[in-house]
Amino acid sequence: MIELENLTFAYRNQPLLFEGYSWQARRGESWAILGPSGCGKSSLLYLLAGLQLPTSGEVRIGGEALRRPRPRTGLILQDYGLLPWATVRANVRLGLRLRGFYGPDGRHAPRDEVVKDIDERVGTWLQRLGLETVAESYPGQISGGQRQRTAIARTLALHPDLLLMDEPFASLDAPTRQDLQDLTMQLRLERSLTLVLVTHAIEEAALLGERVLVLGRPPHQLPQVFDNPGGGSPAHRGTAAYDQACASLRAAMESVA
Amino acid sequence: MRRRAILLAAIVLVLLWALLSAVVNRPILPSPFEVLWITVRELPGELGGHLLVSLWRVVASTALAVLAAVPLGIVLGQSARADRWFSPFVYLLFPIPKVVLLPVLLLFFGIGDLTKIAVIFLILFFQILVLVRDQAAGLRPELLFSVRSLGAGRRGLFRFVYLPASLPAILTGLRQSIGTAVAVLYVAELFATQQGLGYYIYLHGSTLFDYPRMYAGVIAMSLLGLGLYLVVDAAQRRLCRWQYAA
Chain F
1 MIELENLTFA
11 YRNQPLLFEG
21 YSWQARRGES
31 WAILGPSGCG
41 KSSLLYLLAG
51 LQLPTSGEVR
61 IGGEALRRPR
71 PRTGLILQDY
81 GLLPWATVRA
91 NVRLGLRLRG
101 FYGPDGRHAP
111 RDEVVKDIDE
121 RVGTWLQRLG
131 LETVAESYPG
141 QISGGQRQRT
151 AIARTLALHP
161 DLLLMDEPFA
171 SLDAPTRQDL
181 QDLTMQLRLE
191 RSLTLVLVTH
201 AIEEAALLGE
211 RVLVLGRPPH
221 QLPQVFDNPG
231 GGSPAHRGTA
241 AYDQACASLR
251 AAMESVA
Chain Y
258 MRRRAILLAA
268 IVLVLLWALL
278 SAVVNRPILP
288 SPFEVLWITV
298 RELPGELGGH
308 LLVSLWRVVA
318 STALAVLAAV
328 PLGIVLGQSA
338 RADRWFSPFV
348 YLLFPIPKVV
358 LLPVLLLFFG
368 IGDLTKIAVI
378 FLILFFQILV
388 LVRDQAAGLR
398 PELLFSVRSL
408 GAGRRGLFRF
418 VYLPASLPAI
428 LTGLRQSIGT
438 AVAVLYVAEL
448 FATQQGLGYY
458 IYLHGSTLFD
468 YPRMYAGVIA
478 MSLLGLGLYL
488 VVDAAQRRLC
498 RWQYAA
């Protein structure tokens with residue numbers, strides 16, 4: 001599903017973040033990217049989203065080299081991704097409206113999809129994410145958890161096959177975070193999504209990642225991957241395997257820091 | 258409640274005017290009731306015609322200013338490079354009181370509507386340009402990344418992000434400058450024209466010495482400014498509801 005080949009990347013006039021970096025993720029896998037702040041993990045996600053382009057090397061998604069955001073990839077950020085002037089309902093509609101705006105051109109929208117029954121699709125996702133009561137509210141009027149639910153509904157309404165998340169639960173309180181982590185894992189299994197979630201929290205990586213990519217200090221050259229069987233399912237929380245994964249990841253983080 | 262307070266203030270002002278005119282007791286300050294009566298009587302006739310001409314000049318220049326300033330403001334807000342080139346010009350031109358350009362515009366555009374429209378255009382254009390540019394530049398990168406990830410290219414971002422984001426800036430710009438626009442229109446209508454409220458006020462005040470009619474012109478011009486302000490205010494309340502929703 002995802003192939004990085006000899007990826008080299010740096011922001012203009014900044015030190016290298018990735019140097020000849022290669023990494024693969026298979027379709028349907030649940031990955032966590034774990035690392036301290038400033039390690040370049042968000043930049044990696046933006047590269048996967050096609051929002052940044054490699055300095056050299058290639059990012060391939062589904063076998064195709066990435067040159068721009070790919071219509072079947074969904075992206076959810078920590079905050080501020082919603083249109084502040086649009087209601088929850090209008091925000092959830094946005095992606096579908098964009099598809100209608102461009103038509104199935106293969107660049108901005110999938111070539112094989114004609115968008116119809118927008119209202120119904122929006123209604124279904126509002127209901128699935130429990131947003132019906134706040135559908136006519138603005139993002140500034142609802143809680144952080146509801147905002148992230150809106151972002152998730154907006155993205156999933158576009159039927160993505162790859163979901164990229166950048167610290168999506170970092171600004172939420174603990175119960176809401178747990179709630180949304182579980183929801184994300186359920187939805188991933190339901191929709192058989194490939195998930196790549198960036199986090200700085202060891203517990204979150206151990207819970208959501210079947211496999212965890214650990215980033216230390218840049219420039220990154222060789223990927224450091226941890227297998228975490230049982231990760232990616234709500235049932236993993238609190239098991240011995242989960243505790244074990246947390247301990248290994250903590251040790252790995254300390255060794256790379 | 259708010260509406261009642263405003264009405265009450267209007268009544269108090271009229272009563273103060275009545276009191277003052279009784280104390281002064283000279284033709285240069287007629288009673289407000291006489292002036293209001295003439296205003297009502299003249300509005301369907303001569304005064305109304307002049308009001309419409311003035312209104313047309315403000316509306317036309319507002320439309321032109323919005324059409325020109327919004328796209329340019331969005332471009333400058335998006336591109337740091339374009340802004341680096343342009344902002345020194347804006348910096349120099351923005352504070353110039355545009356009304357002093359009136360004689361120049363008169364020479365170039367003649368005595369027709371174009372001169373009046375051009376001078377108001379210049380005032381509104383710079384005000385809206387600066388506000389829209391700052392609004393566009395201040396959009397969070399997270400928002401732009403998110404909307405791009407939903408499939409938006411340049412056109413999609415313009416239509417679904419930059420344009421709606423600039424709406425509050427446009428309306429704030431209009432609100433801040435509509436009063437100045439009407440004031441400058443008055444000055445512009447004193448020159449070389451026989452249409453518009455400025456002319457009407459000047460004619461009755463300084464040529465015909467018909468003071469009640471002059472005051473009726475002043476009332477009409479005030480109503481023009483107030484009416485436009487109320488329209489913009491209502492538009493902002495309606496179109497930018499999210500800013501008022503707490």
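Top to bottom, those sequences are chains F and Y.
Just so you know, we're using my numbering here: the first sequence kicks off at 1 and counts up by one.
Just so you know, we're using my numbering here: the second sequence kicks off at 258 and counts up by one.
Cβ coordinates follow ideal geometry from the N, Cα and C atoms, glycine included.
Note that the coordinates shown come from a computational prediction; the quantities given were computed from them, not determined experimentally.
Between residue i and residue j, what straight-line distance do the alpha-carbon atoms span, to the nearest angstrom?
i: residue 225/F; j: residue 165/F; result: 18 Å
i: residue 47/F; j: residue 54/F; result: 7 Å
i: residue 138/F; j: residue 70/F; result: 28 Å
i: residue 469/Y; j: residue 481/Y; result: 18 Å
i: residue 214/F; j: residue 252/F; result: 8 Å
i: residue 256/F; j: residue 228/F; result: 19 Å
i: residue 485/Y; j: residue 283/Y; result: 33 Å
i: residue 191/F; j: residue 483/Y; result: 57 Å
i: residue 150/F; j: residue 376/Y; result: 46 Å
i: residue 41/F; j: residue 167/F; result: 10 Å
i: residue 101/F; j: residue 333/Y; result: 25 Å
i: residue 488/Y; j: residue 421/Y; result: 19 Å
i: residue 261/Y; j: residue 289/Y; result: 21 Å
i: residue 35/F; j: residue 431/Y; result: 48 Å
i: residue 237/F; j: residue 67/F; result: 38 Å
i: residue 471/Y; j: residue 461/Y; result: 5 Å
i: residue 51/F; j: residue 182/F; result: 28 Å
i: residue 490/Y; j: residue 212/F; result: 54 Å
i: residue 316/Y; j: residue 492/Y; result: 15 Å
i: residue 500/Y; j: residue 246/F; result: 44 Å
i: residue 463/Y; j: residue 453/Y; result: 16 Å
i: residue 336/Y; j: residue 395/Y; result: 12 Å
i: residue 131/F; j: residue 498/Y; result: 20 Å
i: residue 1/F; j: residue 254/F; result: 30 Å
i: residue 243/F; j: residue 411/Y; result: 47 Å
i: residue 32/F; j: residue 4/F; result: 16 Å
i: residue 510/Y; j: residue 328/Y; result: Look at the range of chain Y in this structure, 258 to 503, and you will see that residue 510/Y is not part of it.
i: residue 172/F; j: residue 13/F; result: 34 Å
i: residue 134/F; j: residue 343/Y; result: 43 Å
i: residue 83/F; j: residue 408/Y; result: 15 Å
i: residue 87/F; j: residue 451/Y; result: 50 Å
Determine which residues share a DSSP beta bridge with residue i and list them.
i: residue 220/F; result: 18/F
i: residue 74/F; result: 163/F
i: residue 117/F; result: DSSP lists no partner for residue 117/F.
i: residue 65/F; result: 60/F
i: residue 2/F; result: 25/F, 61/F
i: residue 9/F; result: 18/F
i: residue 227/F; result: 211/F
i: residue 31/F; result: 196/F, 211/F
Taking its Cβ as the centre, do 16 or more other Cβ atoms sit within 10 Å of residue i, making it buried, or is it exposed?
i: residue 169/F; result: buried
i: residue 442/Y; result: buried
i: residue 398/Y; result: exposed
i: residue 140/F; result: exposed
i: residue 514/Y; result: Past the boundaries of the shown model lies residue 514/Y; chain Y is included only from 258 to 503, so the question cannot be answered.
i: residue 240/F; result: exposed
i: residue 125/F; result: buried
i: residue 446/Y; result: buried
i: residue 85/F; result: buried
i: residue 314/Y; result: buried
i: residue 434/Y; result: buried
i: residue 235/F; result: exposed
i: residue 273/Y; result: exposed
i: residue 294/Y; result: exposed
What distance in whole Å lies between the Cβ atoms of residue j and residue i, which are believed to be in contact at a cut-off of 8 Å?
i: residue 208/F; j: residue 30/F; result: 6 Å
i: residue 94/F; j: residue 154/F; result: 6 Å
i: residue 365/Y; j: residue 326/Y; result: Actually they do not touch by this definition, with Cβ atoms about 21 Å apart.
i: residue 296/Y; j: residue 458/Y; result: Not quite, the Cβ-Cβ distance comes to about 12 Å (not below 8 Å), so this is no contact.
i: residue 312/Y; j: residue 424/Y; result: Incorrect: roughly 23 Å between the Cβ atoms, too far for contact.
i: residue 156/F; j: residue 187/F; result: 7 Å
i: residue 110/F; j: residue 72/F; result: 6 Å
i: residue 347/Y; j: residue 387/Y; result: 7 Å
Taking one C-beta from the segment 351-363 of chain Y and one from the segment 401-415 of chain Y each time, how about it: are there three or more such pairs within less than 8 Å?
No, the segment 351-363 of chain Y does not touch the segment 401-415 of chain Y.
- Query: Is it true that the segment 104-124 of chain F meets the segment 439-453 of chain Y, where meeting means three or more beta-carbon pairs spaced less than 8 Å apart?
  - Reply: Below 8 Å, too few C-beta pairs join the segment 104-124 of chain F and the segment 439-453 of chain Y to call them touching: fewer than three.
Between the segment 171-178 of chain F and the segment 191-200 of chain F, can you find at least three pairs of beta-carbon atoms closer than 8 Å? The segment 191-200 of chain F, when compared against the segment 171-178 of chain F, does not touch it at the 8 Å Cβ threshold.
Chain B contacts from the segment 56-71 of chain F (Cβ-Cβ distance under 7 Å): No chain B appears in this structure, whose protein chains are F and Y.
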